[in-house]
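*Asks:* Below you'll find the structure I mean.
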Amino acid sequence: MDKKIISLIVPAYNEEEVIEIFYQRTKGVFNELPAYDFEVLFINDGSKDNTLEVLKNLFIEDRRYGYISLARNYGKEIAMAAGFDHVTGDAVIIIDVDLQDPPELIIDMIAKWEEGYEDVYAQRLSRDGETWLKKWTSKMFYRILARMTKVEIQKDTGDFRLLSRNALDALKQYRESERYTKGLFSLIGFKKIAIPYHRDPRAAGTTKWNYFKLVNLAIEGVTSFTTAPLKIASFIGVILALFSFVFMLIIIFKTLVYGDPVQGYPSMISIVLFLGGIQLLSLGIIGEYIGRTFLETKNRPLYFIGEMSLNNNIEAIKKEPNYIKEITK
Ligand code: UDP
Ligand code: MG
Numbered sequence: 049m050d051k052k053i054i055s056l057i058v059p060a061y062n063e064e065e066v067i068e069i070f071y072q073r074t075k076g077v078f079n080e081l082p083a084y085d086f087e088v089l090f091i092n093d094g095s096k097d098n099t100l101e102v103l104k105n106l107f108i109e110d111r112r113y114g115y116i117s118l119a120r121n122y123g124k125e126i127a128m129a130a131g132f133d134h135v136t137g138d139a140v141i142i143i144d145v146d147l148q149d150p151p152e153l154i155i156d157m158i159a160k161w162e163e164g165y166e167d168v169y170a171q172r173l174s175r176d177g178e179t180w181l182k183k184w185t186s187k188m189f190y191r192i193l194a195r196m197t198k199v200e201i202q203k204d205t206g207d208f209r210l211l212s213r214n215a216l217d218a219l220k221q222y223r224e225s226e227r228y229t230k231g232l233f234s235l236i237g238f239k240k241i242a243i244p245y246h247r248d249p250r251a252a253g254t255t256k257w258n259y260f261k262l263v264n265l266a267i268e269g270v271t272s273f274t275t276a277p278l279k280i281a282s283f284i285g286v287i288l289a290l291f292s293f294v295f296m297l298i299i300i301f302k303t304l305v306y307g308d309p310v311q312g313y314p315s316m317i318s319i320v321l322f323l324g325g326i327q328l329l330s331l332g333i334i335g336e337y338i339g340r341t342f343l344e345t346k347n348r349p350l351y352f353i354g355e356m357s358l359n360n361n362i363e364a365i366k367k368e369p370n371y372i373k374e375i376t377k
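Residue numbering for the sequence shown follows my numbering, beginning at 49 and increasing consecutively.
Next comes the structure, spelled out in C-alpha cells:
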C-alpha cells in the first residue's frame, strides 16, 4: 500500500544560516515517522543572500527537499500562497525555517490528523527570545480583533499548523492579493484542534519583522475581516453631532440672554481642531478600505515564479537513487 504523503511548506527570506540546521532537525523527525513519505517545499521569497544556492545544494543532497523561487520578495503571506498551490501531499504543514516552530511537533500533529482533525494548529504557551513589547502588542491586537470580527480567530496562534487536503483545497480558493492568512484559516472552518507548545528563539539569523510591517499586518487583519471601523466612524459622528447641537443651543441662549458676542476663542479653536482630527481619522479609515478595494479589483496575479526544483514529487523521487540512499542511511 502507498504511504500517505505529508508536505511541508517552508517560506524562507534571507535564511542561508538556518537551512542546514532546519534540514538536520526535520530529517530526524522524518526518520521517526517511517509510515509516511515527506516532501518539503521551500519558498525562496526573493532572498538577497545565498538562500537559493543553499536550497539548490540541499535539493541535490536530498531530493525530498525541493524549492520554489519567487521572482521577488512578496512577503510571507504570498509565499505561503505559492506553497499552497504547489504541494501534493495528503496533508500539509506550514512551518518557519528558523526553528521557532519545533519540527518535533509534527509527530503530534500527524497523530491528531489521523484522529480526523482537518486543521491542527500549534498554540504558543510561551515565546522565548521576544521582547515584552512585541508579546504585549500581539496579545492586545488579537483581543481587539476578536471583539470586532464575527469569525473566531485562534489565540496565540501563528501560521504553524497542519491542514488536511480538504482544508487546503478550500484555502486555495481565496485568491485575494491583500492576504491575512491567519484569518483565512478561521474562515474556512473544518474540524480544528490546538496543540500547545513552547515557542523557541530563532536558531540563527534575524527576524524579518519590524514594527512597521507588524502594524501593516494588523491593519490588514482588521480590514480584511470586518467593516467595524467604518461603523465606529459613523458612531463617533452621530455622538458628536448630538453634542454639538446641545452646545449650539447653549451658545444661542447665552448670546440672547447675556449678549456676549466675541468671547469663547479657546473653546472654538479646540472644537475646530478636535473635529478636524476626527474627520481626518475617519477619512483615513475609509481610505484604507477604498485602497484595498482598488488593489483587489485590479485582480493581479499573486506571484511569479523565477525557478523551481523539478521532481519534488514523491512518485518521481522514489525513482531517484539518491532518495533510496537517504532513506537507508
Ligand atoms: N519570511 C518570508 N518573507 C518575508 C519575511 C519572512 O518568507 O518577507 C519568512 C521567514 O524566512 C521565516 C518566516 O517567514 O521563515 C517568519 O519570519 P520571521 O522569523 O522573520 O518572523 P518572526 O518569527 O520573527 O515573527
Ligand atoms: Mg521567526
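Note that the Cβ used here is the ideal one computed from N, Cα and C, for glycine as well.
Using beta carbons (cut-off 8 angstroms, strictly below), is Lys346 in contact with chain C?
*Replies:* Included in the structure is just one protein chain, with no chain C present.
*Asks:* Between Gly312, Leu232, Thr99, Arg223, which lies nearest to Glu200 when the distance is taken from Cα to Cα?
*Replies:* Selected option, being the one with the closest Cα: Leu232.
*Asks:* Relative to the C-alpha of Asp204, which candidate in Pro244, Asp248, Leu181, Pro277 has its C-alpha closest?
*Replies:* It is Pro244 whose Cα lies nearest to the Cα of Asp204.
*Asks:* With a cut-off of 8 angstroms, do at least 3 Cβ pairs link the segment 347 to 358 to the segment 116 to 133?
*Replies:* Touching, per the Cβ criterion.
*Asks:* So if DSSP puts Pro41 in a beta bridge, which residue, or which two residues, is it bridged to?
*Replies:* A question about residue 41 goes unanswered here, because the residues of the chain that appear run from 49 up to 377.
*Asks:* Taking just the CA atoms, how far does Ile108 sit from Thr185?
*Replies:* Between Thr185 and Ile108, the C-alpha separation is close to 42 angstroms.
*Asks:* Suppose contacts are defined by Cβ-Cβ distances below 8 angstroms. Is Val77 in contact with Glu152 by that definition?
*Replies:* Taking 8 angstroms as the Cβ cut-off, Val77 and Glu152 qualify as a contacting pair.
*Asks:* Look at the alpha carbon of His2 and the alpha carbon of Lys256, and state the distance between them as a whole number of angstroms.
*Replies:* Outside the modelled stretch of the chain, which goes from 49 to 377, sits residue 2, for which no answer is possible.
*Asks:* Quick one, what's near the ligand MG if you take every residue whose CB is closer than 6 angstroms to any heavy atom, in chain order?
*Replies:* Checking every Cβ against the heavy atoms of the ligand MG under 6 angstroms gives Asp144, Asp146, Gln148, Arg250, Thr255.
*Asks:* Can you find a heavy atom of the ligand UDP that lies under 7 angstroms from the Cβ of Pro59?
*Replies:* Yes - the ligand UDP has a heavy atom lying nearer than 7 angstroms to the Cβ of Pro59.
*Asks:* Within 10 Å of its beta-carbon, does Met296 have 16 or more other beta-carbons around it, so buried, or fewer, so exposed?
*Replies:* Flag for Met296 reads exposed.
*Asks:* Bridge partners for Thr205 per DSSP, in chain order?
*Replies:* Thr205 is bridged to Gln171.
*Asks:* Comparing alpha-carbon positions, which option in Glu163, Asp138, Leu265, Ile241 lies nearest Arg213?
*Replies:* The shortest C-alpha separation from Arg213 is found at Asp138.
*Asks:* Among the residues of its own chain, which have a CB less than 6 angstroms from the CB of Thr376, if the five just before and after it don't count?
*Replies:* Low confidence applies here, because Thr376 scores a pLDDT of 38, under 50, leaving its location unreliable; read the following figure in that light. Taken in chain order, the list of residues that qualify is empty.
*Asks:* Specify, as a first and last residue, the run of the beta strand (DSSP E) that Lys240 falls within.
*Replies:* Unbroken beta strand (DSSP E) run through Lys240: 240 to 247.
*Asks:* On the DSSP bridge list, what partners appear for Ile287?
*Replies:* BP columns for Ile287 are empty, so no partner.
*Asks:* Tell me whether Glu68 sits in a helix, a strand or coil according to DSSP, three-state version.
*Replies:* It is helical.
*Asks:* Between the Cα of Glu162 and the Cα atoms of Gln171, Leu210, Leu89, which residue gives the shortest distance?
*Replies:* With distances taken between Cα atoms, Glu162 lies closest to Leu210.
*Asks:* Mind checking whether Asp149 and Arg250 have CB atoms under 8 angstroms apart?
*Replies:* No; because the gap between Cβ atoms is not below 8 angstroms, this pair is not in contact.
*Asks:* Would you check if the segment 82 to 94 and the segment 118 to 125 touch, i.e. whether three or more CB-CB distances between them fall below 8 angstroms?
*Replies:* Cβ pair count under 8 angstroms is three or more, so yes.
*Asks:* Using only alpha-carbon positions, find the residue among Asn347, Lys75, Lys52, Asp133 that is nearest to Ser225.
*Replies:* Of the candidates Asn347, Lys75, Lys52, Asp133, the one whose C-alpha sits nearest the C-alpha of Ser225 is Asn347.
*Asks:* Beta carbon of Asp217: closer than 7 angstroms to some heavy atom of the ligand UDP?
*Replies:* No, the ligand UDP has no heavy atom inside 7 angstroms of this Cβ.
*Asks:* Excluding five sequence neighbours on each side, which residues of the same chain lie with their C-beta closer than 6 angstroms to the C-beta of Thr74?
*Replies:* Closer than 6 angstroms at Cβ, skipping near neighbours: Pro151.
*Asks:* Work out the CA separation of Ile57 and Met157 for me, nearest whole Å.
*Replies:* Whole-angstrom Cα-Cα distance: 15 angstroms.
*Asks:* Just how far apart, CA to CA, sit Ile378 and Ala194?
*Replies:* There is no way to answer for residue 378, as the model of the chain reaches only from 49 to 377.
*Asks:* Please tell me whether Ser357 and Gly114 are closer than 8 angstroms, where the distance is taken between their beta carbons.
*Replies:* A contact, by the Cβ cut-off of 8 angstroms.
*Asks:* Once the 5 residues before and after Ile333 are set aside, which same chain residues still bring their CB inside 6 angstroms of it?
*Replies:* Here the set comprises Pro277, Ala281.
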